[in-house]
Amino acid sequence: MAEPLLIMRHGQAEPGFPDPDRRLSRKGEKEARRMGRWLAKRKDLDVARLRLVASPYVRAQQTAALVADALADRSGSEPDIDTLELITPDDSPQVVIDWLLGEDDDCPLILVSHMPLVAALTGMLIEGRNDAGIGFSTAAIAELHADVRAAGCSRLVGLMTPSQLK
Numbered sequence: 001m002a003e004p005l006l007i008m009r010h011g012q013a014e015p016g017f018p019d020p021d022r023r024l025s026r027k028g029e030k031e032a033r034r035m036g037r038w039l040a041k042r043k044d045l046d047v048a049r050l051r052l053v054a055s056p057y058v059r060a061q062q063t064a065a066l067v068a069d070a071l072a073d074r075s076g077s078e079p080d081i082d083t084l085e086l087i088t089p090d091d092s093p094q095v096v097i098d099w100l101l102g103e104d105d106d107c108p109l110i111l112v113s114h115m116p117l118v119a120a121l122t123g124m125l126i127e128g129r130n131d132a133g134i135g136f137s138t139a140a141i142a143e144l145h146a147d148v149r150a151a152g153c154s155r156l157v158g159l160m161t162p163s164q165l166k
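For the sequence shown, UniProt numbering assigns the number 1 to the initial residue and increments by one for each residue that follows.
What follows is the structure, encoded as structure tokens:
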């Protein structure tokens, strides 16, 4: 079985233009920190081996950095953040799945991205359909388990939102 795949939507962002440059709001920063602390406290997740991958958009990079900070508190070293150009809001979930299939699945992976991609990707991985995704509040994390990270092969283990951790 592959290690867990965590799909995270970035924290709440400020309005603005151009879209790639939008920054997290104060609420979004709090949401990302809260989710990072939750991940860091999990005993069932090997945070020392966690691979953190984020969209190049500013709000996703900020979210990933805040999560990495929280994980560093537990593991003693801050994970690197890899930037992946193909996980922006309107990218194809099938392209992301093709990328996942080419990656090693021997470590837990968290993708920090955007709606509508996170919903469509989750739907493709679980149901094999991009119109069957789940709703993601800002900074929500869906956890998927699978033998292989391919369309229709994953099982949704949980969905955690910042409001559940208050």
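Glycine residues also receive a C-beta, built at the ideal position from the N, C-alpha and C atoms.
Sort out for me which residues DSSP pairs residue i with in a bridge.
{"i": "R155", "result": "H145"}
{"i": "D82", "result": "V53"}
{"i": "S92", "result": "Paired residues: none, contrary to the question."}
{"i": "R9", "result": "S113"}
{"i": "L24", "result": "A13"}
Check residue i in the structure and name its three-state DSSP category.
{"i": "V67", "result": "helix"}
{"i": "S163", "result": "helix"}
{"i": "E103", "result": "coil"}
{"i": "T138", "result": "coil"}
{"i": "R42", "result": "coil"}
Inspect the beta-carbon positions of residue i and residue j and report whether they are closer than 9 Å.
{"i": "V53", "j": "T88", "result": "no"}
{"i": "M124", "j": "G135", "result": "no"}
{"i": "A13", "j": "R22", "result": "yes"}
{"i": "L165", "j": "A142", "result": "no"}
{"i": "G16", "j": "T63", "result": "no"}
{"i": "G28", "j": "R59", "result": "yes"}
{"i": "R149", "j": "D105", "result": "yes"}
Could you check if residue i belongs to the surroundings of the ligand SAH, using beta carbon to heavy atom distance under 8 Å?
{"i": "L101", "result": "With respect to the ligand SAH, the structure shown offers nothing to examine, as it has no ligands at all."}
Cα separation between residue i and residue j?
{"i": "S25", "j": "H145", "result": "31 Å"}
{"i": "R129", "j": "D98", "result": "15 Å"}
{"i": "P20", "j": "E85", "result": "11 Å"}
{"i": "A119", "j": "R9", "result": "9 Å"}
{"i": "K30", "j": "P108", "result": "24 Å"}
{"i": "L111", "j": "L5", "result": "8 Å"}
Taking buried to mean at least 16 other C-beta atoms within 10 Å of its own C-beta, is residue i buried or exposed?
{"i": "D91", "result": "buried"}
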